[in-house]
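A.B. asks: Going down the list, the sequences are from chains A and B.
Using this note's numbering, the first residue of the first sequence is number 765, and each one after it goes up by one.
Using this note's numbering, the first residue of the second sequence is number 765, and each one after it goes up by one.
Protein chains: 2
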Amino acid sequence: MHSLLIIAHGSSREASNSEVRDLAKKVAAIAVNQFDNVSSAFLELAEPDIPTGIHLCAEAGATEITIVPYFLSAGRHVVEDIPREVDAAAIQHPSVKINLQSHIGSGVEMPALLLRFAYE
Amino acid sequence: MHSLLIIAHGSSREASNSEVRDLAKKVAAIAVNQFDNVSSAFLELAEPDIPTGIHLCAEAGATEITIVPYFLSAGRHVVEDIPREVDAAAIQHPSVKINLQSHIGSGVEMPALLLRFAYE
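1. For Pro-812/B, I'd like the list of residues in its chain whose CB is within less than 6 Å of its CB, leaving aside the five on either flank, ordered along the chain.
2. What do you reckon, are the CB atoms on Ile-831/A and Leu-878/B nearer than 8 Å?
3. Pick helix, strand or coil for Phe-806/B, following the three-state DSSP scheme.
4. Could you check if Gly-825/A is buried or exposed, using at least 16 other CB atoms within 10 Å of its CB as the buried criterion?
5. Rounded to whole angstroms, what is the Cα-Cα separation between Ala-810/B and Met-765/A?
6. When you compare the CB positions of Ser-866/A and Glu-884/B, do they come within less than 8 Å of one another, or not?
7. Please return the same chain residues whose Cβ sits closer than 7 Å to the Cβ of Leu-807/B, not counting the five positions on each side in sequence.
8. Just how far apart, CA to CA, sit His-819/B and Pro-833/B?
9. Quick check on the burial criterion: 16 or more other C-beta atoms within 10 angstroms. Buried or exposed for Val-796/B?
10. What residues from the segment 779–793 of chain B come within 7 Å of chain A, judged by C-beta to C-beta, listed N to C?
11. When DSSP builds the beta bridges, which residues end up paired with Ala-772/B?
12. Between which two residues does the alpha helix (DSSP H) harbouring Pro-875/B extend?
13. In the DSSP assignment, the alpha helix (DSSP H) including Glu-828/B goes from what residue to what residue?
14. Which runs of the alpha helix (DSSP H) at least 4 residues long sit entirely within the segment 772–801 of chain A? Give them in chain order.
15. Could you spell out where the alpha helix (DSSP H) holding Ile-862/B opens and where it closes?
16. Our contact map puts Ala-793/B next to Asn-801/B with C-beta atoms below 8 Å; I'd like the distance itself, whole angstroms only.
17. Expressed to the nearest angstrom, what Euclidean distance is found between the alpha-carbon atoms of Val-784/B and Ala-822/A?
18. Can you say whether Ser-776/B is buried or exposed, counting buried as having 16 or more other CB atoms within 10 angstroms of its CB?
19. Nearest by alpha-carbon distance to Asp-786/B: which of Glu-849/A, Val-872/A, Arg-880/A is it?
20. Is there a C-beta anywhere in chain B that falls below 8 Å from the one on Met-765/A?
21. In the DSSP assignment, find the unbroken alpha helix (DSSP H) run with Gly-817/A in it and report its ends.
22. When DSSP builds the beta bridges, which residues end up paired with Ser-837/A?
23. Does Thr-830/B get closer than 8 Å to chain A when you measure Cβ to Cβ?
24. Taking Cβ to Cβ, would you say Val-850/A is nearer than 8 Å to Leu-836/A?
25. Just how far apart, CA to CA, sit Lys-861/B and Ala-854/A?
Right under this line is the structure:
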C-alpha cells in the first residue's frame with residue numbers, strides 16, 4: 765500500500781490549512797491509479813504534525829510513503845527541518861519505505877506559472 | 765513603464781533568497797514583451813523588503829507595478845501582511861498604479877504539479 769503525504773508549513777489561519785487539505789483531496793482524485801491514499805501534515809501551527817502524519821499513514825497500512833514538501837523555496841524548513849523530522853519518523857517505522865521528494869518550487873514551470881499570475 | 769515585482773517570504777538561508785532572485789531573472793527572460801523589468805522583494809529576513817522593492821521600481825521609472833506573491837497558501841502573510849505593506853507603499857507613491865495579484869498557490873494546476881513531484 766502506497767501513501768502520498770503532502771507536507772505544508774501550517775498557518776495560524778485555519779482557512780490556509782483547509783486549502784492544503786482540499787489540495788490533498790484534489791490530488792487524491794487524480795492519483796487514484798498511483799496512490800492508495802493522499803493526506804497532508806504540517807511542519808508547525810496545524811495538525812497533524814509530520815511524525816503524526818507519517819504514523820497515521822503507517823497505521824492505515826502503508827508499506828511505502830512518498831512525501832512531497834509543498835514549499836516554494838529551499839529555506840531551512842526544506843533543507844533541515846523536514847528531512848530531520850522525516851528521518852526521525854522513519855526510524856520509528858523501519859518496515860515502511862519512505863521517499864522524501866523535492867519541494868515543488870524547484871519545478872521548471874515556476875517562471876511561466878508566476879508570469880500567468882501577473883494577469884490573474 | 766510597467767514593472768513586475770515578485771514578493772517571497774525570505775529566508776535566513778541565503779541560497780533560498782538566491783533562488784527567488786534567479787526566478788525573477790527567468791521570468792524577465794520570458795516576459796520581455798510584457799514587463800519592462802522584473803525584480804523581487806522579501807517579506808522578512810532578506811533584502812530588499814517590500815517598501816524598498818516598490819520604491820526601487822518607482823525610482824527606476826515605473827508608472828505601474830504588478831505584484832505577485834510567491835506564496836502557496838493564503839496564510840496571514842498573504843491575507844494581512846503583504847496587503848498592509850503594499851497599501852502603505854502605495855500611499856508613498858500615489859502616481860504609480862499598483863496591482864496586487866493572487867498568490868500562486870491558488871493556481872488550478874497545483875494538484876497536477878504536486879503529483880508530478882511525487883515522482884521526481
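Just so it is clear, CB atoms sit at the ideal spot from N, CA and C, and this is done for glycine as well.
C.D. replies: On the basis of the supplied data:
1. Ala-805
2. no
3. strand
4. exposed
5. 43 Å
6. yes
7. Closer than 7 Å at the Cβ level, and outside the excluded window around Leu-807/B, lie Ile-771, His-773, Gly-774, Ile-814, His-841, Asp-845, Ile-846.
8. 17 Å
9. Val-796/B is exposed by the Cβ-count criterion.
10. Ala-779, Ser-780, Glu-783, Val-784, Leu-787, Lys-790, Val-791
11. Ala-772/B is bridged to Phe-806/B.
12. 874–881
13. Where Glu-828/B is concerned, there is no enclosing alpha helix (DSSP H), although the beta strand (DSSP E) it sits in stretches over 828–833.
14. 778–794
15. No alpha helix (DSSP H) holds Ile-862/B; the beta strand (DSSP E) holding it covers 861–864.
16. The pair is not a contact, with the Cβ atoms about 12 Å apart (cut-off 8 Å).
17. 36 Å
18. exposed
19. Val-872/A
20. No, no contact with chain B.
21. 814–823
22. DSSP output for Ser-837/A lists no bridge partner at all.
23. yes
24. no
25. 51 Å
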